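Reading through the structure tokens given below for one structure.
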Amino acid sequence: MTGVAVVDFGGPQGPDELVPFLTKLLEDVLPGPGPLKAAAAPWLASRRARDVGRNYEQIGWSPLVPTHRRQVDALRRELGADAPLLVSGMMFTAPTMDEAVAELKAAGVDRIVALPMFPHYSLATTQAAFTFLHQALVRAGMERIPVRWVAGYPDHPDYIDALANTIRTGIAATPGPEDEPLHLVFTPHGLPLSWVTKRADPYPDQIRTTVRAVLRHLDWQGPSHVGWQSRVGPVRWLEPSTPSVLDTIAAAGARRVCMVPVSFAADHIETLHEIDIEYREHAHRAGIPHFGRAPALGDEPGFVRCLADRVRNAIATPDRHDCVRCLLPKGEDHRRQTSCPNCRFSFPAYLRGGAA
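Each residue of the sequence shown is one higher than the last, beginning at 0 in numbering that gives the first Met the number 0.
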């Protein structure tokens, strides 16, 4: 029996979840040894909660987990009568990875498909979620059960179709004269530059793949741009930043923009506050009066079809091995190597069995 663990980020649905959410997040991202991070994270989380909490209150707290549940329900319907067991596991809030694994164990599964709600593979998202799931499997004594790790799907036709539909919706809702040129600003979550230059994170390449594919799908003839959002800390991040893109196009005369949250499968703080409030205000100050946004994917039918296709593919080809970075099929020797022989991307030992 195969079970599918649908893995996601998580998000606080109310004030009681905020400090635990931030604590777990900081324990994951802070540098240094584990005991030091475990000691520092609760203190830092309590300090950050005062400012971050105000932002969450403005948006009515995070809708990510309820949206995730709707997405999984839609996926179950799309898979139909033969749908495998679907369980949800979040990195930083309930339902946790341990809860997801407990459901799989209780059902007696002998194979697992790990399905990420991140269209683009990154060390910070998909691989982090996979690591959380693997650790939960180890804690449950299930580490020997074969897992099919589904990699990114940045140019899957159904995903691109779904993204195009959200962009059409965003364009239709963007105010301003229709004869005014409309700028599409793709605004994926950013990433420290060193993750790309030193660790070969495939995320920015996969984002660019998606942007090219959806512009072709739309036959978009207008101006388009990519800006990386959500920068934090003093280190260099991917450039240009979203605010700098808005400044640049405003200086060139842009007056009408539609933001496209290309890396987000569900609305949360980065879309509802950072884009809808902070970037809207930034655009207006820069001289762009007409500001709109494409909705996040949510349970857009094409996105659900994409997820269903990835699940069916993973179940039908349990022994296939693909590199999570270059997405190319590998031979049996791939299982025994610590890095991809094609692109040299290094991956954890538990991923050597391959990704879908």
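Heads up, the beta-carbon is just placed ideally off N, CA and C, and yes, glycines get one too. Fair warning: this is a prediction, and the values are worked out from it, not measured in the lab.
query, result
"For SER223, the nearest candidate out of SER45, SER193, ALA313 and PRO180 (CA to CA)", "PRO180"
"Cross-strand partners of GLY140 (DSSP beta bridge)", "In DSSP, GLY140 forms no bridge with anything."
"Contacting residues, own chain, Cβ-Cβ under 8 Å from GLN57 (five flanking each side not counted)", "HIS272 and ILE276"
"Per-residue burial, GLY107 [other beta carbons within 10 Å of its own, 16 or more giving buried]", "exposed"
"Same chain, Cβ closer than 7 Å to GLU26, neighbours up to 5 away in sequence not counted", "LYS36, ALA37 and ALA40"
"Beta strand (DSSP E) runs contained entirely in the stretch 100 to 170, provided each spans 3 or more residues", "110 to 115 and 146 to 148"
"Beta carbon of ALA128 nearer than 8 Å to that of VAL303", "no"
"LEU181 in three-state terms, based on DSSP", "coil"
"Whole-angstrom C-beta distance between ILE206 and HIS119, which should lie under 8 Å", "6 Å"
"Cα-Cα separation, ASP204 to GLU177", "33 Å"
"Straight-line Cα distance separating GLY252 from ASP321", "45 Å"
"Beta carbon of GLY291 nearer than 8 Å to that of ASN164", "no"
"Within 8 Å, strictly: CB atoms of ARG311 and LEU114", "no"
"Same chain, Cβ closer than 7 Å to ALA307, five either side skipped, listed in chain order", "LEU74, GLU77 and LEU78"
"Nearest candidate by alpha-carbon position, reference TYR202, set PHE131, SER262 and TRP148", "SER262"
"For PHE290, three-class secondary structure by DSSP", "strand"
"Assumed close pair SER121, HIS267 - CB separation to whole angstroms, cut-off 8 Å", "With 8 Å as the limit, SER121 and HIS267 do not qualify as a contact, their Cβ atoms being about 16 Å apart."
"Sub-8 Å separation of LEU245 and TYR278 beta-carbons", "yes"
"Spatial distance of GLN12 from HIS289 (CA atoms)", "31 Å"
"Cβ neighbours of LEU217 in the same chain (closer than 8 Å, five flanking residues each side left out)", "ALA163, ILE166 and ARG167"
"Of the listed residues THR186, PRO347 and ASP318, nearest to PRO145 (C-alpha basis)", "ASP318"
"Candidates ASN54, ALA123 and MET0, of which the one nearest ALA105 by Cα", "MET0"
"8 Å Cβ cutoff, SER121 in contact with chain B", "Looking for chain B here will not work: only one protein chain is present."
"GLY2 vs LEU84 beta-carbon contact at 8 Å", "yes"
"Nearest to VAL231 (by Cα), restricted to the options ARG69, VAL28, ASP81 and LEU214", "VAL28"
"Assigned exposure category for SER243 - 16 Cβ within 10 Å defines buried", "exposed"
"Collapsed DSSP secondary structure at GLY88 in the structure displayed", "strand"
"Assigned exposure category for GLU142 - 16 Cβ within 10 Å defines buried", "exposed"
"HIS67 - containing alpha helix (DSSP H), residue span", "63 to 78"
"Sheet register partners of CYS342 (DSSP bridge)", "Answer is none; CYS342 lacks a bridge partner."
"Candidates MET90, ARG324 and ILE314, of which the one nearest ARG110 by Cα", "ILE314"
"Whole-angstrom distance between ALA295 and PRO191, CA atom to CA atom", "23 Å"
"ARG138 classed as buried or exposed, judged by whether at least 16 other C-beta atoms fall within 10 angstroms", "exposed"
"Which of helix, strand or coil DSSP assigns to SER262", "coil"
"Contained alpha helix (DSSP H) runs [length at least 4] in the stretch 273 to 326, N- to C-terminal order", "279 to 285 and 300 to 315"
"Integer Cβ distance of VAL259 from THR186, believed to fall under 8 Å", "7 Å"
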